[in-house]
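Okay, so here's the structure we're looking at.
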Ligand code: BEZ
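Residue numbers (the numbering used here): 9 to 282.
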């Protein structure tokens, strides 16, 4: 009888351990599935690129010839953006705006690269129509000289998570990837099909990323060049105290964890593009 109880207890303990272990593993898997968005391209599963990831590499045919992305743009910032379709009104207004601002992005050492899942000849015909026929908000005779990728196979769009089936199964959403000089994704903005992008914000994000890097600071809500910037939070009680006692030259504290300093617009502008 004693032997029977011993064996029963042993089996019970083993089964209980197995159940607890399996539950823990499944919980861990569920947690991972919730945080990783996966995309499947040609039977390969990729994690959707996120801020801090290396920009996925690809070769593509564009309106400016073939490109290898991002290696063709070594040492430059890149804005890779998608649009839903050629010959559509919102996209036309966006392309005219991007092309009109291209010199401003070049001055920030930034290459623009567009993409839609249309074909090359559609792209060429659309860009010719924009130049020859469309006049909009004072913009006319607008020539798009940055590359526009043809992505009929949707390979790049899927790889970058530009296809979002809840919005459209066949058209890319309006995605904007900000990629730095070391080919790291630094910011991502998504807009739906029905809303054109804010190009002031796109330029502000690029300037903000370059400023944060160049001056090792963070930037508060609605920051623009010339506004106060945020200094790194005090990492010791001593620094917190000296800042709160006003001992750190040029630093103003709202509280020990929230201190700002001035960087003039000219100083910011002298470092942009770097
Ligand atoms: C547009 O660019 O006008 C557009 C494209 C796809 C769906 C809706 C609008």
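No residue lacks a Cβ here, since even glycine has one placed at the ideal position from N, Cα and C.
Assuming residue i and residue j make a contact with CB atoms under 8 Å, what is their CB distance in whole Å?
{"i": "residue 216", "j": "residue 273", "result": "Residue 216 to residue 273, Cβ: 14 Å. No contact."}
{"i": "residue 80", "j": "residue 124", "result": "Not really, about 19 Å apart at Cβ, beyond 8 Å."}
{"i": "residue 71", "j": "residue 132", "result": "6 Å"}
{"i": "residue 60", "j": "residue 192", "result": "7 Å"}
{"i": "residue 89", "j": "residue 184", "result": "5 Å"}
{"i": "residue 158", "j": "residue 128", "result": "4 Å"}
{"i": "residue 138", "j": "residue 96", "result": "Between residue 96 and residue 138 the Cβ distance is about 12 Å, and since that is not below 8 Å, they are no contact."}
{"i": "residue 45", "j": "residue 174", "result": "Their Cβ separation, rounded to whole angstroms, is 12 Å, which puts residue 45 and residue 174 out of contact at 8 Å."}
{"i": "residue 236", "j": "residue 279", "result": "Not quite, the Cβ-Cβ distance comes to about 17 Å (not below 8 Å), so this is no contact."}
{"i": "residue 223", "j": "residue 271", "result": "6 Å"}
{"i": "residue 176", "j": "residue 92", "result": "7 Å"}
{"i": "residue 152", "j": "residue 207", "result": "Residue 152 to residue 207, Cβ: 14 Å. No contact."}
{"i": "residue 281", "j": "residue 117", "result": "4 Å"}
{"i": "residue 6", "j": "residue 47", "result": "Not covered by the structure: residue 6. The range shown for the chain is 9 to 282."}
{"i": "residue 83", "j": "residue 189", "result": "5 Å"}
May I ask whether a heavy atom of the ligand BEZ can be found less than 7 Å away from the beta carbon of residue i?
{"i": "residue 96", "result": "yes"}
{"i": "residue 99", "result": "yes"}
{"i": "residue 201", "result": "yes"}
{"i": "residue 180", "result": "no"}
{"i": "residue 173", "result": "no"}
{"i": "residue 93", "result": "yes"}
Residues in its own chain within less than 8 Å of residue i by CB, not counting five upstream and five downstream?
{"i": "residue 172", "result": "181, 198"}
{"i": "residue 187", "result": "63, 78, 85, 86, 87, 88, 193, 194"}
{"i": "residue 154", "result": "72, 106, 107, 110, 119, 120, 121, 122"}
{"i": "residue 250", "result": "256"}
{"i": "residue 242", "result": "248, 251, 264, 265, 267"}
{"i": "residue 210", "result": "87, 184, 197"}
{"i": "residue 214", "result": "85, 87, 113, 116, 118, 186"}
What does residue i pair with, by DSSP beta-bridge criteria?
{"i": "residue 71", "result": "73"}
{"i": "residue 263", "result": "266"}
{"i": "residue 199", "result": "182"}
{"i": "residue 118", "result": "85"}
{"i": "residue 229", "result": "Beta-bridge pairing links residue 229 to no other residue."}
{"i": "residue 148", "result": "143"}
{"i": "residue 55", "result": "46"}
{"i": "residue 123", "result": "90, 157"}
{"i": "residue 237", "result": "269"}
{"i": "residue 66", "result": "77"}
{"i": "residue 192", "result": "62"}
{"i": "residue 187", "result": "86, 193"}
Which same chain residues end up closer than 6 Å to residue i when comparing Cβ atoms and leaving out the 5 residues on each side of it in sequence?
{"i": "residue 76", "result": "67"}
{"i": "residue 285", "result": "Since the first residue shown for the chain is 9 and the last is 282, residue 285 is missing from the structure and cannot be characterised."}
{"i": "residue 35", "result": "Any answer about residue 35 is weak, because its pLDDT of 45 lies below 50 and its placement is not dependable; what the coordinates show is given next. Taken in chain order, the list of residues that qualify is empty."}
{"i": "residue 179", "result": "92, 93"}
Using a Cβ-Cβ distance cut-off of 8 Å, determine whether residue i contacts chain C.
{"i": "residue 143", "result": "Checking the listed chains, one finds no chain C in this structure; it contains a single protein chain."}
Near residue i, what residues of its chain come up, given a Cβ to Cβ distance below 7 Å and the 5 sequence neighbours on each side ignored?
{"i": "residue 252", "result": "261, 264"}
{"i": "residue 30", "result": "At residue 30, the pLDDT of 45 sits below 50, so the modelled position is not reliable and the matter cannot be decided from this model."}
{"i": "residue 203", "result": "none"}
{"i": "residue 98", "result": "204"}
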